[in-house]
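According to the numbering used here, the sequence shown holds residues 1180 to 1418 in order.
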Amino acid sequence: MAHGGAGPMFAPFIAEELNIKKIIVPFIPAGVFNAWGMLNLDAIHDATETRIMKLMVNEIEAKEISKIIEELRNKVMSDFKSEGIDPSLVKFEYYLDMRYYGQEYTLRVQTNYPVTLDVLKNTIKSFEDRHHSEYGFKLEGNPVEIVNFYVRGIYELPRPEIKQISVTGDISKALIEERGVYMGNNNVIRVPVYSKESLPADAEIRGPAIIEESTATIIVLNGWKAMKDRYGNIIMTKK
1180 MAHGGAGPMF APFIAEELNI KKIIVPFIPA GVFNAWGMLN LDAIHDATET
1230 RIMKLMVNEI EAKEISKIIE ELRNKVMSDF KSEGIDPSLV KFEYYLDMRY
1280 YGQEYTLRVQ TNYPVTLDVL KNTIKSFEDR HHSEYGFKLE GNPVEIVNFY
1330 VRGIYELPRP EIKQISVTGD ISKALIEERG VYMGNNNVIR VPVYSKESLP
1380 ADAEIRGPAI IEESTATIIV LNGWKAMKDR YGNIIMTKK
């Protein structure tokens, strides 16, 4: 995936070095692709509290854990309310950073709310299974600690509708000019320059060539071909 103002210009040379045979330049102008992605992210608020708790695994402890999570959940709901978002529309996730007693590092494990004794036991089992998966062993029966309590609230925003573009069109109408270009081989060669916006869907361009868009320059090297798909992405493949 080549994005950013200079990404599509350098990507083909990097692909040649690394023997990568396919490059995708997204339909959103490359120079603003990251900003577009950020604007389409879900709204998320996190709340965390550090409180080291060596687990005895009993009902009283489960209620205490549940109370801490409830306080964090209320904080997240308050954050959403301050932004005019109805908390009833928010999806919540609950995590505990856990470790064996005496360890320095932790593993984040998802849990459920409210926390009952059974939920606590299942969360400890999830921690031990994750520990075995990450480090190749687990210490069943050894005391376990909670270090951090973590609540995440997610308000899902509607995804943008990405429409297909017309297949009809004449590639020759997308040709802007021919000009001399230095392609890094100590020679200046004349190459066709195309407008990305004017290219019809399924149009295929064989390198060497340049495709210009509003915020970036796409270079198609010799031995590569570029095709504009029906969503406006430029797909470059090595022949």
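Here a beta-carbon is modelled for each residue, glycine too, at the ideal position from N, C-alpha and C.
- By the criterion of a C-beta distance shorter than 7 Å, Ile1247 is surrounded in its chain by Glu1228, Arg1230, Phe1328, once the five residues flanking it on both sides are discounted.
- Contact between Glu1324 and Leu1234 holds: their C-beta atoms lie close to 7 Å from each other, under 8 Å.
- Assigned with DSSP and collapsed to three states, Asp1308 falls in helix.
- Restricting attention to Gly1183, Val1204, Gly1184, the CA atom closest to the CA of Val1399 is found in Val1204.
- Note on Lys1352: under 16 other CB atoms within 10 angstroms of its CB, so exposed under the neighbour-count rule.
- Of the candidates Val1255, Ala1388, Ile1202, the residue whose Cα lies closest to the Cα of Asp1265 is Val1255.
- DSSP, reduced to helix, strand and coil, places Arg1252 within a helical segment of the structure shown.
- By the Cβ neighbour-count rule, Ala1214 is exposed, with fewer than 16 other Cβ atoms within 10 Å of its own.
- About 5 Å separates the beta carbon of Glu1357 from that of Pro1371, a gap short enough to meet the 8 Å contact definition.
- In the DSSP annotation of this structure, Pro1187 is not part of any beta strand (DSSP E); the continuous alpha helix (DSSP H) holding it starts and ends at 1186 to 1197.
- Residue ranges of uninterrupted alpha helix (DSSP H) with 4 or more members are absent from the region 1263 to 1313; none lies entirely inside it.
- Taking all protein chains shown into account, Val1367 has fewer than 16 neighbouring C-beta atoms within 10 Å of its C-beta and is therefore exposed.
- Taking a contact to require three or more Cβ pairs closer than 8 Å, the region 1374 to 1383 and the region 1397 to 1412 qualify as touching.
- From the listed residues Leu1318, Ser1345, Ile1303, Val1346, the smallest Cα separation to Tyr1274 is found for Ile1303.
- The Cβ neighbour count for Gly1411, taken over all protein chains shown within 10 Å, is at least 16; the residue is labelled buried.
- According to the DSSP assignment, Gly1332 belongs to the beta strand (DSSP E) that extends over 1323 to 1334.
- The beta-bridge partner set that DSSP reports for Ile1231 is empty.
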